[in-house]
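What follows is a set of notes on a single structure, which appears directly below.
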Amino acid sequence: MKKYLILLMVLSMAFFSGSVWAQKTGGGKAFKQGQKAKVEQHKMQQKTENKEFRTTLKGMEPEVKKAAATQHREIQYNENKNFRDKMQQEKKEFVTQKLANNPKLTEDQKNAIASQMDVQHQENQAYRDQQHQQNMIEIQKIMTDKNMPSEQKRAALQASLAKQRSENKDYRNTQKTENQEFKNQMKASAQSNSPSQT
């Protein structure tokens, strides 16, 4: 018992001293690591919920099972959407604080960065909504096809998910390119606004 208390105290001290250090140094890396840990925790929670949900489906009639699975997917999609919104809000607050403390940027540049974050989040949300709707339609179409054997259904679902993964990867790469172009514009703008060194 004492070992656990000591371990808990050591971990607490490390965490809190890391938080204080992150606040003093700007903490970009610590903030990203914290967000990454929250995402991993959320994924594990979803994985556990999915596993528990699958056990509840055993013995159900096929139509009831399909309806329950559809409802479960919608619930999880909404949970994920709320989680992403919360993470985005935390990120925006962090970036806003960093921008406020950055004397090198003009107010217009700071506003442009904040605006770009909002636009990017809205674009991402619209893309995910569209993908989710397409996914639900495709799953429904495959699962209700009475002429398709279950092995074929499984293969069709896997092919559909593989296609969606590829589309998602392409979308993320496009977003990365757009973000890099925006960063380059901001850097060029910041350099043109700074007094020339002679």
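With mature numbering (1 follows the signal peptide of the UniProt record, and there is no 0) applied, the sequence shown corresponds to residues -22 to -1, 1 to 176, in that order.
Note that beta-carbon positions come from the ideal geometry of N, C-alpha and C, so glycine has one too.
For clarity, every value in this text was computed on a predicted model and none was experimentally measured.
Determine, using beta carbons only, whether residue i and residue j come nearer to each other than 8 angstroms.
i	j	result
Q94	F160	yes
K82	A15	no
K74	A92	Correcting the residue type first, residue 74 is Thr in the shown sequence and not Lys. A contact, by the Cβ cut-off of 8 angstroms.
Q11	K69	no
R51	M114	yes
A46	L35	yes
Y149	Y105	yes
Quick one: Cα of residue i to Cα of residue j, how far?
i	j	result
Q1	M164	Low confidence applies here, because Q1 scores a pLDDT of 45, under 50, leaving its location unreliable; read the following figure in that light. Looking at the two C-alpha atoms, the distance is approximately 25 angstroms.
M38	M121	16 angstroms
Q109	Q142	8 angstroms
Q153	Q66	16 angstroms
T26	K131	25 angstroms
E85	K76	13 angstroms
T3	Q158	The predicted position of T3 is uncertain, since its pLDDT is 44 and thus under 50; no value can be drawn from it.
residue 208	Q111	Any answer about residue 208 is impossible in this case: the structure gives the chain only from -22 up to 176.
Q98	N125	42 angstroms
D123	V17	36 angstroms
H20	S170	43 angstroms
L139	N146	10 angstroms
E71	A137	40 angstroms
E41	N28	19 angstroms
Q23	K119	29 angstroms
E129	K43	18 angstroms
Given a threshold of 16 other Cβ atoms within 10 Å of its Cβ, counted over all protein chains shown, does residue i qualify as buried or as exposed?
i	result
G5	buried
I117	buried
A166	exposed
N162	exposed
L(-12)	Unreliable positioning characterises L(-12) in this predicted model, as indicated by a pLDDT of 38, which lies under 50. A coordinate reading is not provided.
Note the first and the last residue of the continuous alpha helix (DSSP H) segment covering residue i.
i	result
K76	40 to 78
N12	Note on identity: in this sequence residue 12 is Gly, with Asn being the wrong assignment. Note, G12: alpha helix (DSSP H), 6 to 34.
N89	85 to 121
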